[in-house]
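Below is one structure; the comments refer to it alone.
Residue numbers (our numbering): 16 to 629.
Below, the structure is given as structure tokens:
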């Protein structure tokens, strides 16, 4: 027995099994202690209206993710030891290279920034030996940490995504570019200005803190440079209908005749609609109007506590259903083309199913822009979607009545933290510079609140339980929704670099429908892939008349085209569906609906901070 390769203890149990059991017992004790602390903290938070329950939930979700990570490292230490050894070897090589550079020798770098990493663009990061060492030492550490956590097995995919996400946040926060004395560009400016940049940065930090003490949203643009209705959202039109949840804009025609069938757009309610009408040069709305379409836009309200009881049902009834009735009064047309963007597309899918089951022919075609219907893979936001997080949000909105749009914006920004947080942290707070005027970032910062009841229903039923793909999984306004029975022709547009609604995650949703479905893939991401005017001559798009079972198979046999998808949509979709008879251009207010006010209307001008004060 003494020569047996599998060593055993005196009682016949392998030492490895003893170690594994000890590890499990240790972490079981940790779980018990964490559970007690969680209960204590949740009870404390429940009595304090100023502490955000959802942030506490995020803290414990992070603790849970790292608990699973450390357990796997303890059980399988080989990968950890391998990464540690690799990192030490690279750090030693870096020390050798640095010594050679001090002696005037040329050497190849041990570590380089990744593609698109702009943190180390300043020449001194490479030319100055000290800063080059700091940069490479950090990159070696960062790459090693990410390789370690990405290679961990033995956890669920959701837990794996969580500890990878949290580790990435931690690693990027430690970047030497984020500190005064380890950023050569900031250090030069500090010396040259006698610290004036840091004083100015402190002022900007205080200003940002005052705007939202609970969660600092770093200013991303010069907000004073933009006015909604003056230099953004400027396509002429009128508000012709409104209710508690939305204003309906009818855009003024720019052609003498128009298609008989009008177009209704359902933008996401988590942002303002004018991403589709940002400037005259890139406005999808203006482009449609100039191409002979009568365009209607839903402009969602920015809700406060008074609308806390508005439900997802209400968003359908008072949103697209109310808009369809208003459009019929404005144009005489019962049927319309519809476009749903992001979560607006999810609502559109529900609306189409609802109308079909009510046997009401109101929508002749549905276009889904970067839309999830099947939430099996919720994209980057999946790290925030779990029972603890949603319970925390439910507790928070029970106090406030709404979900703060700035919290949602912060979550989205953390999906691209180096570009959408740390770059502005450095520019504003360390360099003391004002952010530049940028219309897209102005829109990105113009958040909207969400009614608590509606938002929690959406998170729990769509993201968490994925009930929309189940026949009758959700019920809206007394009708069980069944996406699989939808016969309305559908055009799906997804973006190949989209990190919010990943294109391979939107593809299964397109496969759910029973009617005519066309799937088109654009270049770029969630915004630029959609807002891509033909005049820009940028990016590309792919088409394929077939819908194979797997998304990658679709792409492998797809045809690539240069430029924008807009003309493809107009010529091969809109022109092939609905009534394309030409009628005299329709002016807002020329039929049953009276003009309420000029576009863009009042609702879109309401900012989160102003709504909360009210």
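Glycine is no exception: its CB is placed at the ideal position from the N, C-alpha and C atoms. Quick caveat: nothing in here was measured; it's all calculated off a predicted structure.
Please identify the residue among the options whose C-alpha is closest to the C-alpha of residue i.
i, options, result
"residue 312", "386, 263, 436", "263"
"residue 98", "623, 161, 147", "161"
"residue 362", "473, 439, 456", "473"
"residue 340", "370, 494, 449, 231", "370"
"residue 618", "450, 130, 533, 258", "258"
"residue 250", "236, 269, 579", "269"
"residue 631", "585, 193, 93, 217", "This structure cannot settle anything about residue 631, because the visible part of the chain is limited to 16 through 629."
"residue 425", "277, 210, 462, 103", "462"
"residue 614", "502, 93, 266", "266"
"residue 659", "504, 548, 520, 503", "Since the first residue shown for the chain is 16 and the last is 629, residue 659 is missing from the structure and cannot be characterised."
"residue 74", "398, 468, 499", "398"
"residue 2", "244, 235, 90, 132", "The question about residue 2 has no answer here: the residues shown for the chain are numbered 16 through 629."
"residue 210", "599, 627, 446, 600", "446"
"residue 627", "403, 118, 110, 416", "416"
"residue 518", "591, 387, 234", "387"
"residue 343", "309, 318, 327, 320", "309"
"residue 316", "307, 608, 293, 283", "283"
"residue 532", "221, 80, 381", "381"
"residue 539", "564, 580, 561, 623", "580"
"residue 535", "429, 385, 431", "385"
"residue 430", "389, 516, 469", "516"
Suppose contacts are defined by Cβ-Cβ distances below 7 angstroms. Is residue i in contact with residue j by that definition?
i, j, result
"residue 395", "residue 541", "no"
"residue 9", "residue 379", "In the structure as shown, the chain starts at 16 and stops at 629, and residue 9 therefore has no counterpart that could be examined."
"residue 335", "residue 281", "yes"
"residue 297", "residue 546", "yes"
"residue 11", "residue 543", "With the chain covering only 16 through 629, there is no way to say anything about residue 11."
"residue 192", "residue 102", "no"
"residue 576", "residue 556", "yes"
"residue 610", "residue 616", "no"
"residue 125", "residue 115", "no"
"residue 155", "residue 219", "no"
"residue 497", "residue 504", "no"
"residue 237", "residue 450", "yes"
"residue 277", "residue 348", "yes"
"residue 492", "residue 328", "yes"
"residue 243", "residue 620", "yes"
"residue 273", "residue 600", "yes"
"residue 405", "residue 475", "yes"
"residue 506", "residue 569", "no"
Using DSSP's beta-bridge definition, name the partner residues of residue i.
i, result
"residue 252", "266"
"residue 312", "264, 280"
"residue 559", "534"
"residue 496", "Answer is none; residue 496 lacks a bridge partner."
"residue 507", "383, 534"
"residue 403", "Residue 403 is not bridged to any residue."
"residue 286", "462"
Can you look up residue i in the DSSP assignment and give me helix, strand or coil?
i, result
"residue 533", "strand"
"residue 588", "coil"
"residue 144", "helix"
"residue 28", "Interpretation of residue 28 is limited by its pLDDT of 47, a score under 50 that renders its predicted location unreliable; the figure taken from the coordinates is listed afterwards. Coil."
"residue 20", "Bear in mind that the predicted position of residue 20 carries a pLDDT of just 46, short of 50, making it unreliable; the figure below should be weighed with that in mind. The answer is coil: DSSP assigns residue 20 none of H, G, I, E or B."
"residue 471", "helix"
"residue 608", "coil"
"residue 545", "coil"
"residue 353", "strand"
"residue 122", "coil"
"residue 175", "helix"
"residue 274", "strand"
"residue 613", "strand"
"residue 93", "helix"
"residue 241", "coil"
"residue 156", "helix"
"residue 323", "coil"
"residue 196", "helix"
"residue 466", "strand"
"residue 348", "coil"
"residue 408", "helix"
"residue 444", "helix"
Mind checking if residue i is an interface residue toward chain D, Cβ cutoff 7 angstroms exclusive?
i, result
"residue 318", "In the displayed structure, chain D is absent; only one protein chain is listed."
For this session: Count the CB pairs spanning the stretch 302-319 and the stretch 363-375 that are closer than 8 angstroms, and state whether there are at least three.
Result: no
For this session: Answer yes if the stretch 287-301 comes into contact with the stretch 447-458, meaning at least three C-beta pairs across the two stretches below 8 angstroms, and no otherwise.
Result: yes
Exercise. With a cut-off of 8 angstroms, do at least 3 Cβ pairs link the stretch 426-442 to the stretch 176-189?
Worked result: yes
For this session: Count the C-beta pairs between the stretch 196-212 and the stretch 408-426 that are closer than 8 angstroms, then say yes if the count reaches three, no if not.
Result: no
Exercise. Does the stretch 137-147 come within contact of the stretch 170-180, defined as at least 3 CB pairs closer than 8 angstroms?
Worked result: no
Problem set entry | Validate contact between the stretch 176-185 and the stretch 409-417 using beta carbons, cut 8 angstroms, 3 pairs | no
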